[in-house]
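Using this note's numbering, read the sequence shown as starting at 16 and increasing by one per residue.
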Amino acid sequence: SVELKNEKTFDKQPLILQNPEQSKFGLTLNVEGKSVQTNDLNFTPSASGLTVNGSDSSSLTMHLAYGSNQSIDYVYTLKGDGYKVGYNLVLNNMNNVVQAKNNQITLDWEASLRKQERDMKMERTYSTVYLEDTEGGINDLSLTKDEQKTYAEKKIQWVSFKQRFFSNVLIAKDGFTSADVSVGTDINSNDVKQMSAKLQLPYSGAASTNYPMEFYFGPNRFSTLKAQGYHLERQIDLGWGPLKYINQFAVLPVFNFLKQFNWNYGLIILVLTILLKFVLFPLTYKSYLSMAKMRVLKPEMDEIKGKVGEDNPTLLQQEYLKLYKKAGVNPLGGCLPLLIQMPIILAFFRFFPNLFELRGQAFLWMHDLSTYDSVLSFPLIPLLNWDHISLMCLLMTIST
């Protein structure tokens, strides 16, 4: 099992990312013409338990003896102050036993991801499989539908079973030769999604073969993921196209700066909103000013329309343009500033749903800024898909 000690689920239960009942991890080997899965076999631990604190580290070996001087070892290295777990896969003198297909062996990883957050629909929306190749190309499966893909053109650096706020990542330091990954949703299940990865490792048939890897089990906090290396932070969806760059190089740095003051995160959101209004004010003012000028010109435009008539739209448009030029008005002046603002506003709205820092943080009457606030709950109304009343939504509706 994998449990994050400093985190809890939305209902204050232990936060377990992986457990034996809902996950599978092991090799699939062709041994003497038969398919053997190592997760069905009994490994012997080198110690009955480990306790690691602070910057200390310690290793645990899970040993599977096959014959005289023949074995498979899983060597796990734990550190007290990190989210990574070292994992070395070692095959000792198995070259005469393992019959590798295409000089490869298969590492199977499957997991049904447990519900960690209050809103299952939102958690499913942001959960899928991510992977990066050794050349830095990032890929992901669909967020909205079941999907299966095979990646074999380039070596795969890492594979991530990502949930909204937490990730399970397997990193191969030398890369996997290919990956067959899938994601699926069982709407009748209490699990978020089912994910799987069949990962191919090169096998030369040497007497001793070692595959250095490591796991990351931890939060999808941008700074934490970035500190792990391997571009793990790229699995956080900051938006598409220009939205991603606005969030990464503008919104996120300002947010991190405001964090230094140890303010409540609700207050930080308010300050960010005010700053956004301030930054966009010149464009907003220009838009309002242009629309005001157009309203002033409305009587003259109606007069021109009455003289020229609607039967000659070309002449009518020419007269309008003369009026605009004389008054110094751009007819698109009200729209263009609004269009320029849209990417910034959209980036802002894309930023907060993926922000780990808001998880479990209270502000005023809201118990958790990462999800909806509910001042009144009631049984689900099927046709409306409605089971609560949100005070924030009511206030926003009234103020609009």
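Don't be surprised by glycine CBs; every beta carbon is placed ideally from N, CA and C.
Straight through space, the alpha carbons of Lys241 and Gly152 are spaced by roughly 16 angstroms. The alpha-carbon of Leu384 is positioned some 21 angstroms away from that of Arg129. For Leu331, the enclosing alpha helix (DSSP H) starts and ends at Pro328 to Ala342.
The beta carbon of Leu258 lies closer than 7 angstroms to those of Pro358, Leu361, Ala362 and Arg365 in the same chain, with the five residues before and after it left out. The shortest CA-to-CA distance from Gln37 to any of Lys208, Thr76 and Thr140 is the one to Lys208. For Glu318, there is no enclosing beta strand (DSSP E); the enclosing alpha helix (DSSP H) has its first and last residue at Tyr280 to Val323.
Positions of the beta strand (DSSP E) runs, each at least 3 residues long and wholly inside the stretch 56-114, are given as 72-82, 85-94 and 99-107 in order along the chain. Counting the other Cβ atoms within 10 Å of the Cβ of Gly343 gives fewer than 16, which makes it exposed.
Closest option to His246, judged by alpha-carbon separation, among Leu287, Val294, Gln172 and Pro227: Gln172. In its chain, beyond the 5 residues on either side, Asp148, Thr149, Gly190, Phe191 and Thr192 have a beta carbon closer than 7 angstroms to the beta carbon of Lys170.
Residue burial is scored here from C-beta neighbours: Phe237 has at least 16 other C-beta atoms within 10 angstroms and is therefore classed as buried.
DSSP places Lys241 within a helical segment (H, G or I) once states are collapsed to three. Segment contact: the stretch 110-118 against the stretch 39-46, three or more CB-CB distances shorter than 8 angstroms; contact assigned. Secondary structure at Gln275: coil, using DSSP grouped into helix, strand and coil.
Within a 10 Å sphere around the beta-carbon of Lys160 sit fewer than 16 other beta-carbons, which makes this residue exposed.
Annotation for Met228: the continuous beta strand (DSSP E) segment containing it runs Ser223 to Pro234.
Closest in C-alpha terms to Thr66, from the list Asp96, Gln52, Asn84 and Val51, comes Asp96.
Between Tyr335 and Met306, the CB-CB gap reaches or exceeds 9 angstroms. Of the candidates Ser211, Ser142, Asn57 and Val17, the residue whose Cα lies closest to the Cα of Ala80 is Asn57. Following the DSSP letters along the chain, one finds Met135 inside the alpha helix (DSSP H) bounded by residues Met135 to Thr140.
Under the three-state reduction of DSSP output, Thr386 falls in the coil class, being neither helix nor strand. DSSP links Tyr166 through a beta bridge to Ala194. Taking 8 angstroms as the upper bound for CB-CB distance, Ser142 and Arg179 are in contact here, some 6 angstroms apart.
Rounded to whole angstroms, the separation of the alpha carbons of Val184 and Thr53 is 20 angstroms.
In the pairwise beta carbon analysis, the stretch 222-230 is classified as touching the stretch 102-114: at least three pairs are separated by under 8 angstroms.
Around Arg139, the same chain offers Thr200, Val207 and Lys208 as residues with beta carbons nearer than 7 angstroms, after the five sequence neighbours per side are excluded. Contact between Gly82 and Tyr91 is ruled out by a C-beta separation of about 24 angstroms, above the 8 angstroms threshold.
Arg310 sits exposed, since fewer than 16 C-beta atoms from the chains shown fall within 10 Å of its C-beta.
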